[in-house]
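Residue numbers (this note's numbering): 13 to 596.
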């Protein structure tokens with residue numbers, strides 16, 4: 013049972029604080045016998061069996077008593093601001109900002125003043141002065157130099173603010189205020205209006221499946237605290253939303269020297285100034301390392317995957333966890349697995365540079381996907397064609413991959429052909445069926461292409477499934493309509509030569525059609541019968557052959573002019589074949 017503790021018998025007070033790292037052995041606050049009484053009303057102190065003193069969870073300074081008058085709170089706020097400005101040396105702006113944003117601290121001080129007045133009345137002693145003087149007296153008795161008020165103004169709970177004030181007791185408040193501004197300037201240096209930093213964090217968490225070290229574990233805990241709040245990880249890049257969780261998770265940041273040279277080092281390896289915040293928010297332990305240690309870790313991580321100096325910053329921005337020892341250890345396991353499938357070391361390193369999140373994935377998860385590749389006859393050196401092009405396929409879950417395989421099989425492809433498509437265009441297998449693949453087929457149907465022709469079109473040009481049909485393909489088809497080709501004829505051309513869908517208007521279609529009409533004096537309709545015309549180089553094949561034929565007054569179709577290789581063309585139109593036979 014709990015019992016009331018006599019006012020003159022207690023010696024110590026135990027504050028229950030959140031599970032944060034223990035503070036360094038610094039000088040603690042001066043909670044004397046007398047000051048303890050003024051901070052906590054006797055009615056709220058209870059003694060446990062062990063003899064420890066505990067503060068009731070219902071203490072009024074945590075929630076604010078309903079009896080607090082707004083005038084007293086406002087006056088206390090002004091008094092706290094004056095104390096911070098006159099006694100501590102903060103600017104008027106900083107003093108006002110702190111006092112206006114520490115409501116629980118203010119209520120605690122007001123409660124202590126009331127207890128003081130009650131004690132004075134009971135003892136019949138002469139008071140210490142007016143209400144404002146008593147507020148300042150109680151703030152001084154607190155012994156933290158205003159740090160608790162400041163830390164609460166950053167968004168911390170009162171209990172966390174009290175604990176962290178102990179942790180940074182060696183710092184003066186002006187230095188602490190300046191240091192917080194410095195940290196915010198680094199961690200939140202770039203704009204993050206679209207929540208991109210949070211999106212990166214989610215992706216890094218999603219593909220992490222290896223045993224992790226303490227630094228990554230602390231980072232995950234930091235992310236989880238933000239994810240649990242309104243707005244979730246989308247708010248990671250917002251100083252107002254996430255800074256309090258940052259210093260709760262990594263309190264050592266408040267003890268850093270402002271001469272920390274890690275920032276300068278990150279810039280020296282190619283991380284742009286406006287991207288520094290993204291990198292260190294995704295992996296805050298970077299800031300707690302010494303520059304020499306960081307140089308060693310960066311070199312160890314990037315040399316393994318053959319990263320040249322100019323690309324170091326790019327890789328760090330894609331995956332800051334590459335500096336984690338546990339992530340670096342996974343590199344050798346990944347190399348061993350892929351080399352066993354005859355994937356070249358250069359291709360492995362290229363894949364990791366392109367998609368460094370691979371380093372956080374366990375090889376057992378990768379093996380599940382590689383088994384699915386094997387079922388499509390994609391193994392050994394054929395695997396080497398897939399991995400460099402689309403390394404993130406190794407991170408997918410088999411069921412997601414198999415949905416695309418089933419989609420292609422439903423179109424009429426055999427597994428062998430699906431494997432060929434995987435080797436040629438592995439990006440398709442990471443696409444959404446409903447949002448991407450099916451929409452492309454519906455687009456073709458709009459132009460009169462029958463579904464029976466889909467297998468032929470996709471087999472010849474699977475890249476079409478990756479295009480933005482409305483923004484990329486539609487303008488090309490509209491251009492063909494503008495020059496007099498009907499929708500039905502366009503559908504015929506697409507069935508006959510589907511790569512037509514991928515040709516640029518300005519770089520391919522228009523210049524080759526202009527040469528066809530203006531120089532070759534042929535009708536546009538000739539490309540309907542031979543759409544492959546657009547696949548040949550204008551300067552290296554079309555023009556040279558046309559001028560040769562024109563010089564000999566030879567008339568022929570586009571297919572006859574361009575469809576032959578050089579030897580066949582020379583034999584048929586230059587008489588070299590007949591000359592060669594006579595010489596024999």
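We put the CB at the ideal spot given by N, CA and C, even for glycine. Note that the structure is predicted; figures quoted are calculated from it, not measured.
For residue j and residue i, the rounded distance between their alpha carbons
i: residue 580; j: residue 513; result: 29 Å
i: residue 470; j: residue 496; result: 26 Å
i: residue 244; j: residue 238; result: 6 Å
i: residue 105; j: residue 380; result: 59 Å
i: residue 551; j: residue 473; result: 24 Å
i: residue 465; j: residue 346; result: 41 Å
i: residue 439; j: residue 413; result: 11 Å
i: residue 450; j: residue 457; result: 11 Å
i: residue 224; j: residue 328; result: 18 Å
i: residue 326; j: residue 284; result: 9 Å
i: residue 391; j: residue 357; result: 16 Å
i: residue 131; j: residue 125; result: 10 Å
i: residue 98; j: residue 370; result: 56 Å
i: residue 309; j: residue 335; result: 6 Å
i: residue 504; j: residue 498; result: 10 Å
i: residue 555; j: residue 549; result: 9 Å
i: residue 475; j: residue 437; result: 7 Å
i: residue 533; j: residue 287; result: 56 Å
i: residue 501; j: residue 459; result: 10 Å
i: residue 516; j: residue 488; result: 7 Å
i: residue 560; j: residue 490; result: 34 Å
i: residue 179; j: residue 266; result: 9 Å
i: residue 175; j: residue 249; result: 25 Å
i: residue 508; j: residue 421; result: 22 Å
i: residue 84; j: residue 133; result: 19 Å
i: residue 524; j: residue 427; result: 38 Å
i: residue 198; j: residue 344; result: 34 Å
i: residue 256; j: residue 367; result: 31 Å
i: residue 527; j: residue 378; result: 51 Å
i: residue 406; j: residue 246; result: 26 Å
Closest Cα partner of residue i within the set the options
i: residue 411; options: 402, 393, 444 and 429; result: 444
i: residue 399; options: 155, 384, 218 and 359; result: 359
i: residue 119; options: 147, 142, 103 and 141; result: 147
i: residue 341; options: 374, 324 and 330; result: 374
i: residue 166; options: 153, 566, 144 and 195; result: 195
i: residue 477; options: 452, 487, 489 and 493; result: 452
i: residue 295; options: 339, 252, 269 and 323; result: 339
i: residue 228; options: 261, 240 and 253; result: 261
i: residue 627; options: 123, 289 and 232; result: With the chain running from 13 to 596 in the structure shown, residue 627 is simply not present.
i: residue 281; options: 207, 134 and 307; result: 307
i: residue 520; options: 562, 573 and 492; result: 492
i: residue 546; options: 564, 565, 563 and 518; result: 518
i: residue 461; options: 418, 417, 428 and 506; result: 506
i: residue 169; options: 269, 117 and 355; result: 117
i: residue 401; options: 365, 416 and 417; result: 365
i: residue 431; options: 447, 415, 387 and 448; result: 387
i: residue 337; options: 348, 353, 312 and 354; result: 312
i: residue 348; options: 164, 376 and 529; result: 376
i: residue 82; options: 122, 463 and 352; result: 122
i: residue 113; options: 128, 226 and 173; result: 173
i: residue 372; options: 378, 221 and 535; result: 221
i: residue 200; options: 189, 150, 192 and 251; result: 251
i: residue 354; options: 333, 331 and 382; result: 382
Chain C within 9 Å of residue i, Cβ atoms only
i: residue 296; result: You won't find chain C in this structure, because it holds only one protein chain.
(request) Decide yes or no for the touch test of the segment 296-307 against the segment 268-277: beta carbon pairs closer than 8 Å, at least 3 of them. (result) yes
(message) Assess contact between the segment 178-197 and the segment 148-165, defined as three or more Cβ pairs (one per stretch) separated by less than 8 Å. Is contact present?
(response) yes
(request) Would you check if there are 3 or more beta carbon pairs closer than 8 Å linking the segment 531-544 to the segment 565-573? (result) yes
(request) Flag this pair as touching only if the segment 308-326 and the segment 211-219 have three or more C-beta atom pairs under 8 Å; answer yes or no. (result) no
(request) Within the segment 500-562, note down every full alpha helix (DSSP H) run reaching 4 residues or more, in order along the chain. (result) 522-526 and 538-541
(message) Quick check: the segment 107-116 against the segment 79-96, are at least 3 beta-carbon pairs closer than 8 Å?
(response) yes
(message) Which runs of the alpha helix (DSSP H) at least 4 residues long sit entirely within the segment 405-436? Give them in chain order.
(response) 410-422 and 427-436
(request) Enumerate, from N- to C-terminal direction, the unbroken beta strand (DSSP E) stretches of 3 or more residues contained entirely within the segment 130-165. (result) none
(request) Just list the alpha helix (DSSP H) runs in the segment 355-389, keeping only unbroken ones of 4 residues or longer that don't cross its boundaries, in chain order. (result) 357-366 and 375-387
(message) My parser needs the alpha helix (DSSP H) runs of 4 or more residues fully inside the segment 238-315; what are they?
(response) 251-261, 274-280 and 288-294
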